[in-house]
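Single-structure report; data block below.
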Amino acid sequence: MSVILKADNVSRQFIIGDGSVVNALTDINLEVENNRLVCLRGRSGSGKTTLINILGALDKPSGGSVFFNGKNITELSSAECDRLRRHEMAFVFQSVALISTMTAYENVEFALRLAGVPMKQRSSRAKECLTRVGLEKRMYHRPGELSGGEQQRVAIARAVCHRPKIVFADEPTAALDTPTGLAVLKLFRDLVKDDDLTIVMTTHDETMMELADVVYSLEDGKIASSVKNDITDSNNQRP
Ligand SMILES: Nc1ncnc2c1ncn2[C@@H]1O[C@H](COP(=O)(O)OP(=O)(O)OP(=O)(O)O)[C@@H](O)[C@H]1O
Ligand SMILES: [Mg+2]
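Using our numbering, the first residue of the sequence shown is number 717, and each one after it goes up by one.
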């Protein structure tokens, strides 16, 4: 099993208005294996968003390095980071942020356009991804005509349509009720199993963590513990 993502002594300090320093992350070391669902948990303010943003090259650490497929991404220029994010990574957030005037289909098709996918392939790929997340009957609904869980599934279809290697999801289930959140997690598990994806997500919800391969607990910007789950239910068995 190869390591797709590695944090090596990552720290992040913020300097706030009065000049004082906030140590949001201190000496974070972690390794994410390819084809895994990894959860970051921790109280509000423990550093989950700060860490996921740094792992996903949306932010730079104050110290230490992040390696993606063996490459030190903390040394990349902002144009190189943009390219990396656009082609190899994807992001799903708590606030779904779909374009409200576009249908589900148009939202996904637009993401494919931004990723530079040729026009001929966009339509079939958009339909395939929406079908993959169980929305074949909702493709031509606008976000306002979809439930919260359905909107999150459109966001997931949009995130994975350009075949990223890794998806970063910050509290993707926080706005959903538990059954709907679990359905999103099951979809994540299926994507990890069938679509050769790696997913790193944050959550507060204990029920969601049970479906992760590895759970890292953050406390005050440090990794307090990590737990590996043995996911053996029939849906999730690996060969
Ligand atoms: N841009 C910023 N400037 C200053 N301090 C920040 C900034 N972003 C985050 N912090 C601080 O860093 C710490 C970690 O914040 P972070 O957003 O990573 O927490 P979190 O675990 O994601 O919390 P939540 O569960 O509420 O989303 C907090 O103490 C926060 O106040
Ligand atoms: Mg957060």
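No residue lacks a Cβ here, since even glycine has one placed at the ideal position from N, Cα and C.
Using 8 Å as the threshold, is the C-beta distance between residue i and residue j below it?
{"i": "Gly864", "j": "Ala827", "result": "no"}
{"i": "Val754", "j": "Val930", "result": "yes"}
{"i": "Ala773", "j": "Leu741", "result": "no"}
{"i": "Val908", "j": "Asn751", "result": "yes"}
{"i": "Arg879", "j": "Val849", "result": "no"}
{"i": "Ile732", "j": "Val738", "result": "yes"}
{"i": "Ala842", "j": "Glu861", "result": "no"}
{"i": "His857", "j": "Ala820", "result": "yes"}
{"i": "Ala871", "j": "Leu814", "result": "yes"}
{"i": "Leu721", "j": "Ile915", "result": "no"}
{"i": "Met917", "j": "Ala885", "result": "yes"}
{"i": "Leu823", "j": "Gly779", "result": "Per the sequence shown, the amino acid found at residue 823 is Asn instead of Leu. No, the Cβ-Cβ distance between Asn823 and Gly779 is not below 8 Å."}
{"i": "Thr894", "j": "Thr923", "result": "yes"}
{"i": "Pro859", "j": "Ser811", "result": "no"}
{"i": "Val876", "j": "Asp911", "result": "yes"}
{"i": "Arg757", "j": "Thr919", "result": "yes"}
{"i": "Ser736", "j": "Pro777", "result": "no"}
{"i": "Val719", "j": "Glu749", "result": "yes"}
{"i": "Ser760", "j": "Gly937", "result": "no"}
{"i": "Arg1001", "j": "Glu866", "result": "Nothing can be reported for residue 1001, as the shown portion of the chain is limited to 717 through 955."}
Take residue i as the anchor and find which of the options has the nearest alpha-carbon.
{"i": "Asn945", "options": "Ala928, Ser933, Asp936 and Ser811", "result": "Ala928"}
{"i": "Pro888", "options": "Asp734, Lys938, Gly786 and Phe809", "result": "Phe809"}
{"i": "Asp921", "options": "Ser933, Ile915, Leu814 and Lys843", "result": "Ser933"}
{"i": "Glu804", "options": "Phe784, Asn823 and Ala873", "result": "Phe784"}
{"i": "Ala940", "options": "Leu746, Gly735, Gln729 and Ser718", "result": "Leu746"}
{"i": "Ala806", "options": "Ser794, Lys836, Val782 and Ile768", "result": "Ile768"}
{"i": "Glu935", "options": "Lys764, Val833, Met717 and Phe730", "result": "Lys764"}
{"i": "Phe730", "options": "Cys797, Asp775 and Leu913", "result": "Asp775"}
{"i": "Thr766", "options": "Glu796, Ala723 and Asp734", "result": "Ala723"}
{"i": "Asp798", "options": "Met818, Gly786 and Ala831", "result": "Ala831"}
Check your reading: residues with Cβ closer than 7 Å to ligand 1 heavy atoms: Phe730, Ile732, Val738, Ala740, Gly758, Arg759, Ser760, Gly761, Ser762, Gly763, Lys764, Thr765, Thr766, Leu767, Glu887, Thr918, His920, Leu934 and Gly937
Complete runs of the alpha helix (DSSP H) confined to the region 882 to 928 [at least 4 residues]: 894 to 910 and 922 to 925
Segments of 3+ residues assigned as beta strand (DSSP E) that fall wholly inside the region 748 to 794: 753 to 758 and 779 to 784
Every unbroken beta strand (DSSP E) inside the region 813 to 897 [3 residues or more]: 882 to 886
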